[in-house]
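In our numbering, the protein residues as written are 21 to 669.
The C-beta atom is built at its ideal place from N, Cα and C for all residues, glycine as well.
To start, the structure under review is shown below, and the notes come after it.
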Amino acid sequence: MDSFYITTPIFYVNAKPHLGHAYTTTVADSVTRFHRLMGEETYFLTGTDEHGDKIVQAAEANNQTPQEYVDTISALFQDLWPQMNITNDDFIRTTEPRHIEVVQGILQKVFDSGDIYFGEYGGHYCFGCERFYTEKELVDGKCPDHQTVPEYIAEKNYFFKMSKYQNWLKDHINKNPDFIRPERYKNEVLSLLESGELEDLCISRPKSRLTWGIELPFDKDYVTYVWFDALINYLTALEYPEGEKFKKFWPKTNHLIAKDILKPHAVFWPTMLKAAGIEPFQNLNVHGYWLVEDTKMSKSIGNVVEPLAMKDKYGLDAFRYFLMRDMVFGQDSSFSEKALVGRLNAELANDLGNLFSRTLSMTHKYFEGVIPRPDVEDIIDAEIKKLGQDAMREFQDNFSEFKFSRGLEGLWKLVRGLNKYIDETAPWTLFKEKDMGRLSTVIYVLLENMRKIAVHLWPVMPEASEKMLEQLGITFDPEKISLPKELDVWGLLECGDTVAKTSNLFPRVELVEAKEEKPAKKGKGKKDKQKAKKAEMPEGITTIEFEDFQKLDLRVGTIKEVDKHPDADRLLLVRVDTGDDELRQVVAGIADFFAPADLVGKQVVVVCNLKPRKLRKQLSQGMILAVKNGEGLELLTVTAEVPGGSKVS
Ligand code: MSP
Numbered sequence: 021m022d023s024f025y026i027t028t029p030i031f032y033v034n035a036k037p038h039l040g041h042a043y044t045t046t047v048a049d050s051v052t053r054f055h056r057l058m059g060e061e062t063y064f065l066t067g068t069d070e071h072g073d074k075i076v077q078a079a080e081a082n083n084q085t086p087q088e089y090v091d092t093i094s095a096l097f098q099d100l101w102p103q104m105n106i107t108n109d110d111f112i113r114t115t116e117p118r119h120i121e122v123v124q125g126i127l128q129k130v131f132d133s134g135d136i137y138f139g140e141y142g143g144h145y146c147f148g149c150e151r152f153y154t155e156k157e158l159v160d161g162k163c164p165d166h167q168t169v170p171e172y173i174a175e176k177n178y179f180f181k182m183s184k185y186q187n188w189l190k191d192h193i194n195k196n197p198d199f200i201r202p203e204r205y206k207n208e209v210l211s212l213l214e215s216g217e218l219e220d221l222c223i224s225r226p227k228s229r230l231t232w233g234i235e236l237p238f239d240k241d242y243v244t245y246v247w248f249d250a251l252i253n254y255l256t257a258l259e260y261p262e263g264e265k266f267k268k269f270w271p272k273t274n275h276l277i278a279k280d281i282l283k284p285h286a287v288f289w290p291t292m293l294k295a296a297g298i299e300p301f302q303n304l305n306v307h308g309y310w311l312v313e314d315t316k317m318s319k320s321i322g323n324v325v326e327p328l329a330m331k332d333k334y335g336l337d338a339f340r341y342f343l344m345r346d347m348v349f350g351q352d353s354s355f356s357e358k359a360l361v362g363r364l365n366a367e368l369a370n371d372l373g374n375l376f377s378r379t380l381s382m383t384h385k386y387f388e389g390v391i392p393r394p395d396v397e398d399i400i401d402a403e404i405k406k407l408g409q410d411a412m413r414e415f416q417d418n419f420s421e422f423k424f425s426r427g428l429e430g431l432w433k434l435v436r437g438l439n440k441y442i443d444e445t446a447p448w449t450l451f452k453e454k455d456m457g458r459l460s461t462v463i464y465v466l467l468e469n470m471r472k473i474a475v476h477l478w479p480v481m482p483e484a485s486e487k488m489l490e491q492l493g494i495t496f497d498p499e500k501i502s503l504p505k506e507l508d509v510w511g512l513l514e515c516g517d518t519v520a521k522t523s524n525l526f527p528r529v530e531l532v533e534a535k536e537e538k539p540a541k542k543g544k545g546k547k548d549k550q551k552a553k554k555a556e557m558p559e560g561i562t563t564i565e566f567e568d569f570q571k572l573d574l575r576v577g578t579i580k581e582v583d584k585h586p587d588a589d590r591l592l593l594v595r596v597d598t599g600d601d602e603l604r605q606v607v608a609g610i611a612d613f614f615a616p617a618d619l620v621g622k623q624v625v626v627v628c629n630l631k632p633r634k635l636r637k638q639l640s641q642g643m644i645l646a647v648k649n650g651e652g653l654e655l656l657t658v659t660a661e662v663p664g665g666s667k668v669s
């Protein structure tokens, strides 16, 4: 059986857990569950990082000893994770004896091999970062992170010969293109390695200055620098060096971090491993930052998002879904409850929730709740099966590559496809016409595809997925599920079993500001369609079929960046978030009417499937809809903000 090992950063215990910690840990949990259903043996590690200056200061401020303090905060993390349905296999604390032993073992090994030496060093030390900065790294003489002037400290310390491994690391990254992903972070690390000589890493602190750390095995007067201590946690948990777990899982190590700790993971860690004679990890997966109204979360601004508050307000699975769907892995994302509510209503309540409640209630109405045996087939059934296979493959491929947002978008093609299948097969008409042979197939196709959707959603929304399966008469058992097999297998749903009568998994929620936005009444759209069909068209107007209109991929996009076209005064290069992994560039002839800065943040309607073309050498991937207004021009927009990429229908 293939194996898979995933780790989160071990979090500092100087602050309570917030949205950022919850995001990384939720991703790790979803990925673990996904690999489990892909048939792999998984191991998932998280924990807390408990040594260093920062902890001593925080403990003092709290009138506690460092040990009392770390125990209290570490417990907050340990208590939170089960409430978020996080299924970590181990929780490591760097103050545990098992960890101290492994750190000292590795230090001794690297010392004995000659890669640790004693030297004098003077540098600009930032207490916030607990590291020395070179002149070059400071911005206006200040630490770029804390905006404080570091203290100049000269002292004797131990150094790790990191510089010795610079070329090896460059080579390794070049030979293993997935070693650091997404690519932008790989490029960032490569350019750092190419920009000059890598310095040796100071890996000790004199006890005269700091005692809260792991003692160096070869010098009692020193403790280990926090990063050298912390990174090794990933090995401790696998019982390095002799443990079975180490042998099984280490070759399949996937570290998960945000961009803030890229350098320690992408430079310090692989070179440390190399020096200790340990194979490098398999992948470093780097995500962006959750911002709140485009600013960093901070206690002093008071904009820290608390995961449990979101869970209580919207439900755990809806919150987990939003985190996985909204952030494009690798890029920063702005957290807003408005966007959360928008997605919840559009994608969970409308698309997924409606599919379940419509189909279950039809099964009751037409078959007394019993899953019918499929009978008469039609070409449309083969089409939806194919669509399902493609959607599931898209989900699986993208999830394997940490492209969660795209994966879920792929699966939603099936969710939406099935809603359309209901409209097109019109089961109510089949029932009226007593075409039970055809009706049986339609209902079976719907239910079997809903089963497939439910199992694919388990990694992201475990509780909801289990409930969906329960509603389909199935008891969830991860050992019986294989996502790869779901691509080809058909008919696992037992005919003759009974399904639930109703499903209200994702009730609509409303934001206070969105009150007047009443949800459309069920069936109203259909009546309107029928009315439109009957309405007479004035002469000379060409009508199109609804299917023709559906060919248009119209989406609401949020304008993120605008530049003037370098070679054309009337054109602007508008980059819009239309829900894709990358921003979409549209070359628009609107420079006479709008200044670039006025457009940023506006929501517009974009034709996304217009054939891309180059306009004066600049690629245009769509069209922004606008209305002429006398001499002026107005852009089509929406009455309330919706998530970028929302479909216009
Ligand atoms: N203790 C070190 C890590 C040592 S790992 C060997 C540390 N701890 S931390 O508490 O500061 O955690 C940083 C991590 O928390 C980020 O890399 C990310 O996983 C998560 N996040 C904290 N704030 C975040 C956001 N605003 N957005 C997304 N994730 C962020 O660094």
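query = How about asparagine 194 and glutamate 483: do their beta carbons lie closer than 8 angstroms?
reply = no
task = Kindly list the residues whose CB is nearer than 6 angstroms to the CB of tyrosine 25, restricted to its own chain and excluding five residues on each side of it in sequence; keep chain order.
result = Tyr63, Phe269, Lys272, Thr273
message = For glutamate 155, tell me which candidate among Gly148, Phe147, Gly142 has the shortest Cα-Cα distance.
response = Gly142
ask   = Does the beta carbon of alanine 329 fall short of 7 angstroms from some heavy atom of the ligand MSP?
value = no
Beta-bridge partners of lysine 316, as assigned by DSSP = Leu311
ask   = Between leucine 364 and tyrosine 334, which are expected to be in contact by the criterion C-beta below 8 angstroms, what is the C-beta distance as a whole number of angstroms?
value = 6 angstroms
Assigned secondary structure, glutamate 506 (DSSP; H/G/I helix, E/B strand, else coil) = helix
Beta-carbon contacts of phenylalanine 451 that lie in its chain and below 7 angstroms, excluding the five residues immediately before and after = Tyr386, Leu459
message = Less than 8 angstroms between the beta carbons of glutamate 208 and leucine 311, yes or no?
response = no
task = Using 7 angstroms as the cut-off, classify the Cβ of methionine 756 as near or not near the heavy atoms of the ligand MSP, replying yes or no.
result = Because residue 756 is not part of the residues shown, which for the chain are 21 to 669, the question remains open.
ask   = Should asparagine 253 be listed as close to the ligand MN, given that the test is whether its C-beta is under 7 angstroms from any heavy atom?
value = Among the ligands modelled here, namely the ligand MSP, the ligand MN does not occur.
inquiry  = Looking at proline 170: is its Cβ nearer than 8 angstroms to the Cβ of tyrosine 205?
reply    = no
Where phenylalanine 31 sits in the DSSP three-state scheme = strand
task = With a threshold of 7 angstroms, establish whether the CB of threonine 44 neighbours any heavy atom of the ligand MSP.
result = yes
inquiry  = When you compare the CB positions of valine 246 and glutamate 235, do they come within less than 8 angstroms of one another, or not?
reply    = no
query = In its own chain, which residues sit with a C-beta less than 6 angstroms from the C-beta of arginine 595, not counting the 5 before and 5 after it?
reply = Lys580, Glu581, Leu603, Gln605
key: Alpha-carbon to alpha-carbon, histidine 71 and aspartate 280   = 19 angstroms
task = Could you tell me the distance, in whole angstroms, from the CA atom of glutamine 302 to the CA atom of tyrosine 185?
result = 18 angstroms
message = According to DSSP, is alanine 446 part of a helix, a strand, or is it coil?
response = coil
message = I want to check one thing, is the minimum distance from the CB of aspartate 280 to the heavy atoms of the ligand MSP below 7 angstroms?
response = yes
inquiry  = On the DSSP letters alone, give me the boundaries of the alpha helix (DSSP H) that valine 243 sits inside.
reply    = First-last for valine 243: 239-244, but that is the beta strand (DSSP E), not the alpha helix (DSSP H).
query = For the ligand MSP, any of its heavy atoms closer than 7 angstroms to the Cβ of tryptophan 232?
reply = no
inquiry  = I need the DSSP call for alanine 646, collapsed to helix, strand or coil.
reply    = strand
query = Any heavy atom of the ligand MSP closer than 7 angstroms to the Cβ of histidine 119?
reply = no
ask   = Going along the chain, which residues of its own chain have a beta-carbon closer than 6 angstroms to the beta-carbon of proline 558, five neighbours each way excluded?
value = For proline 558, the predicted model reports a pLDDT of 47, less than 50, meaning its position is unreliable; a value from the coordinates is still stated below. Hits under 6 angstroms: none found.
message = Given 7 angstroms as the limit, tell me if tryptophan 270 has its C-beta closer than that to any heavy atom belonging to the ligand MSP.
response = no
task = Please confirm if the region 492-505 is in contact with the region 75-86, defined as three or more CB-CB distances below 8 angstroms between the two stretches.
result = no
inquiry  = Give the list of continuous beta strand (DSSP E) stretches no shorter than 3 residues that lie fully inside the region 237-301.
reply    = 239-244, 273-278
inquiry  = Taking contact to mean 3 or more Cβ pairs, one atom from each stretch, closer than 8 angstroms, check whether the region 404-421 and the region 471-483 are in contact.
reply    = yes
task = Please confirm whether any heavy atom of the ligand MSP lies closer than 7 angstroms to the CB of aspartate 69.
result = yes
inquiry  = With distance defined between alpha-carbon atoms, name the residue in Asp69, His41, Ala329, Thr27 nearest to histidine 51.
reply    = Checking the sequence, you will find valine at residue 51 rather than histidine. When each option's Cα is compared against that of valine 51, the closest is Thr27.
inquiry  = Less than 8 angstroms between the beta carbons of isoleucine 644 and alanine 608, yes or no?
reply    = yes
Classification of tryptophan 101 by the beta-carbon crowding that lies within 10 angstroms, buried from 16 upward = buried
query = Opposite leucine 635 in the DSSP bridges: which residues?
reply = Gln638
key: Cβ contact (3+ pairs, closer than 8 angstroms) linking the region 316-329 and the region 385-401   = no
task = Go through its chain and collect everything with a Cβ distance to glutamate 217's Cβ below 8 angstroms, but skip five positions before and after it.
result = Ser183, Gln186
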